[in-house]
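Since the structure comes first, as structure tokens, the remarks are kept for the end.
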Amino acid sequence: MGQIVSLSFLLGVLALSSIFGVYADSPYKYLDWNITYGIRSPLGVRQRVILINGKFPGPTFDCDTNDNIFLTIHNNLREPFLMTWNGVWQRKASWQDGVLGTNCPIPAGSSWTYRMQTKDQIGTYMYFPSTGMQRADGGFGAFNIHRRPQHVPLPYPVPAGEFTLIVGDWFHTGPQFKNGVADMLKFKMDNGYGMPMPDGLLINGKPSGTTFTGRARKTYLLRVSNVGILASINIRIQGHSMELVEVEGSHVLQEVYDSLDVHPGQSMSVLVTLNGGVEDYYIVTSTRFMKKTRKATAILRYKGSNIRPSGPLPVGPTYQVHWSMKQARTFRWNLTANAARPNPQGTYRYGGIQITKTIILGNSANKRRYGVNNISYVNPTTPLKLADHYHIPGVFDLKTSRDKPTPGPMVLGTAVYDLALHDFVEIVFQNDEDTTQSWHLDGHNFFVVAFGANQWSPRMRRKYNMVDAVWRSTVQVYQKSWTVVLVSLDNKGMWNLRSAIWHRQYLGQQVYFRVWNDEPSLRTENNIPSNVLKCGKAAK
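If you read the sequence shown in the working numbering, its first letter stands for residue 5, the second for the next number, and so on.
Following this line, the structure appears as structure tokens:
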């Protein structure tokens, strides 16, 4: 009897490993998140927000690299809900990506379990709702993936502790909108009113008063994520400098900065040494590239301090775009440091890989919609991933996508790029508008090889950084400028490339990459989950 039980258990573990891509020698984490509405006053105005287990922002998600995660979302809202994991790869599993192209939304009053592994990742990330404009109501938080000390050394001394800063813009609701910011913004977007400017900024859900306490002469790691939907944000600390050490999972050359720009959807980590007097100091965030500056403050407190912080607040950069672009060029990959993988990052010589495809993505806009290369994306009722898996016709057409800006009127469509597994793709983001943009690719990191002003042309390739460009998943594209990234499409699946300026994504500024080969193997992609939700044409 004991042999039968042991064999059944072993077969069960092997089945889980094959279905979910989990590993028996890696820890398991089980979490339950209750998604509810609540009333909070982030900027002194009572309004409805989205809470996770009663918290705004949501709980900080801490785990170690390679952990197997079973996270059950209980949707207690009055509308469908999805959660996405910004920058956290779903290795071989776009089924767990949590966007409308890959998942049916979780119906109101029901639950669904995400099953994923933080495979080969260490770093600072975030999560947030991806359905409609729900992200503007909250439901966001930090997702921190730690190293396993026995496996991966740090390229700097182990800090005395960590602080997590969730920064972002926030909006008031008018008296006619009782159901939160998301409903207000949806009404404005759907009726062509345009996106309003934020009313303020928040640090960990508050415009001021959040306090982080440390000991004098000790060094601390600050994890910073911009969960906002519109504003680029600058962060600085009164009387202290910041040593940048990590950007969305990549260790970087440890340059020292007085202030840092963090654009929507971006995350980074800095070291701060408490080498001042034993007192309190301001941490300041302020908006960038806006005529009217919004600010939020927090407090860095030395243990034992009885001296409150005093002004003036440290001054941030002015409007100049060039200053920010110059700073961005200083973010370089640390080729001598280990990543989550056992091999050094520098052994991956991306500069020697031949580019297989170039895609030039130009912003498109009219009074009611945004788009890419004059195609404004429309979410079909059937997720692309389900339609692809079940060979359901009429959901998307691989011939719809365009590889370069196309003149003429903007059209509605479901743009999906047909790309092969292991393609090495050059993506040019061309921004001819007067606002700074931000773009994110799910399921992958890319090498940010160049920023430039005006129009990109092939001769710009001579200026690419082909040695130590930072490897990340979200990149800014400055006004009247361009940005180029190189990406190795080594993660099979259906992956969302979107504007991180959320109203632009909502109104059609996104596409999908179908990264594909015809090999049905668990080495390249996990099986469809047993608990997959089905909707649209897949419901049958």
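Every residue gets a Cβ at the ideal spot worked out from N, C-alpha and C, and that includes glycine.
Original post:
Would residue 271 pass as a contact of residue 230 if the rule is Cβ separation under 9 Å?
Top reply: Yes, they are a contact pair.
**OP:** Determine which residues share a DSSP beta bridge with residue 181 and list them.
**Re:** Residue 181 pairs with nothing; no bridge assigned.
Subject >> Strand pairing of residue 108, partner residues [DSSP] >> reply: None; residue 108 has no bridge partner.
Original post:
Do residue 329 and residue 485 have their C-beta atoms closer together than 9 Å?
Top reply: The answer is yes: Cβ separation under 9 Å.
Original post:
Nearest to residue 384 by alpha carbon, out of 71, 108, 100?
Top reply: Among 71, 108, 100, the Cα nearest to that of residue 384 is on 108.
**OP:** Tell me where the beta strand (DSSP E) around residue 486 begins and ends.
**Re:** 485-492 is the extent of the beta strand (DSSP E) around residue 486.
Original post:
Which class does residue 540 belong to by DSSP, given the choice of helix, strand or coil?
Top reply: In this structure, DSSP gives residue 540 a helical state, which the three-state scheme calls helix.
**OP:** Whole angstroms is fine: what's the gap from residue 353's alpha carbon to residue 112's?
**Re:** Going by the C-alpha atoms only, they are around 47 Å apart.
Subject >> Minimum C-alpha distance to residue 543 - residue among 322, 507, 253, 386 >> reply: Residue 386 is the option with its Cα nearest to residue 543.
Subject >> Distance between residue 491 and residue 464 (C-alpha atoms, nearest Å) >> reply: Cα to Cα, the separation comes out at about 18 Å.
Original post:
I think residue 278 touches residue 261, with their Cβ atoms under 8 Å apart; what is that distance to the nearest whole Å?
Top reply: About 17 Å; that fails the 8 Å criterion.
**OP:** Less than 8 Å between the CB atoms is what I'm expecting for residue 546 and residue 91, so what's the real figure, rounded?
**Re:** Because the chain here runs from 5 to 544, residue 546 falls outside it and cannot be looked at.
Original post:
Per DSSP, residue 133 forms a beta bridge with which residues?
Top reply: In the DSSP output, where bridge partners are listed per residue, residue 133 has 87.
Original post:
Span of the alpha helix (DSSP H) holding residue 506?
Top reply: 506-510 is the extent of the alpha helix (DSSP H) around residue 506.
Original post:
What are the boundary residues of the beta strand (DSSP E) that residue 502 is part of?
Top reply: For residue 502, the enclosing beta strand (DSSP E) has its first and last residue at 497-503.
**OP:** Evaluate the contact criterion for the stretch 51-69 versus the stretch 96-105: three or more CB pairs, one atom per stretch, below 8 Å.
**Re:** Taking a contact to require three or more Cβ pairs closer than 8 Å, the stretch 51-69 and the stretch 96-105 do not qualify as touching.
**OP:** Just mark residue 417 as buried or exposed, buried being the case when its beta carbon has 16 or more other beta carbons within 10 Å.
**Re:** Per the 10 Å Cβ criterion, buried.
**OP:** Would you mind giving the Cβ-Cβ distance between residue 288 and residue 317, rounded to the nearest angstrom? I have them listed as a contact below 8 Å.
**Re:** Between residue 317 and residue 288 the Cβ distance is about 5 Å, and since that is below 8 Å, they are a contact.
Original post:
Straight-line CA distance for residue 201 to residue 507?
Top reply: As the crow flies, the alpha-carbon of residue 201 is around 12 Å from that of residue 507.
Subject >> 9 Å Cβ cutoff met for residue 537 and residue 116 >> reply: Taking C-beta atoms as the reference points, residue 537 and residue 116 count as a pair closer than 9 Å.
Original post:
Can you list, in chain order, the residues of its chain whose CB lies under 8 Å from that of residue 26, leaving out five sequence neighbours each side?
Top reply: Note that residue 26 scores 47 on pLDDT, short of 50, meaning its location in the model is unreliable; the coordinates nonetheless yield the value given after this. Excluding the 5 residues flanking it on each side, residue 26 has same chain C-beta neighbours closer than 8 Å at 20, 32, 72, 119, 121, in chain order.
Original post:
Expressed to the nearest angstrom, what Euclidean distance is found between the alpha-carbon atoms of residue 347 and residue 475?
Top reply: Because the pLDDT at residue 347 is just 49, under 50, the model does not fix this residue reliably, and the point stays unresolved.
Original post:
When burial is assigned at 16 or more other CB atoms within 10 Å of the CB, is residue 326 buried or exposed?
Top reply: Around the beta carbon of residue 326, a 10 Å sphere encloses fewer than 16 other beta carbons of the protein chains shown; the residue is thus reported as exposed.
Original post:
In three-state DSSP terms, what is residue 436?
Top reply: In the displayed model, residue 436 falls within coil according to three-state DSSP, outside both helix and strand.
Original post:
Can residue 273 and residue 248 be called in contact, C-beta distance under 9 Å?
Top reply: Yes.
**OP:** Could you name each continuous beta strand (DSSP E) segment of 3 residues or more that falls completely within the stretch 279-340, going from the start of the chain to the end?
**Re:** For the stretch 279-340, whole beta strand (DSSP E) runs of length 3 or above, ordered along the chain, are 284-292, 299-306.
**OP:** Please report how far the alpha carbon of residue 300 lies from the alpha carbon of residue 205, in whole angstroms.
**Re:** Their backbone Cα atoms lie some 5 Å apart in a straight line.
Original post:
If we call anything under 9 Å between Cβ atoms a contact, is residue 478 one with residue 178?
Top reply: Taking 9 Å as the Cβ cut-off, residue 478 and residue 178 do not qualify as a contacting pair.
Subject >> Three-state secondary structure assigned by DSSP to residue 189 >> reply: Helix.
**OP:** Going by CA-CA distance only, name the one from 43, 76, 66 that's closest to residue 34.
**Re:** In terms of Cα proximity to residue 34, the closest of 43, 76, 66 is 76.
Original post:
Between the beta-carbon of residue 309 and the beta-carbon of residue 513, is there less than 9 Å?
Top reply: For residue 309 and residue 513, no; Cβs fall outside 9 Å.
Subject >> Buried/exposed call for residue 52, threshold 16 Cβ in 10 Å >> reply: So residue 52 counts as buried.
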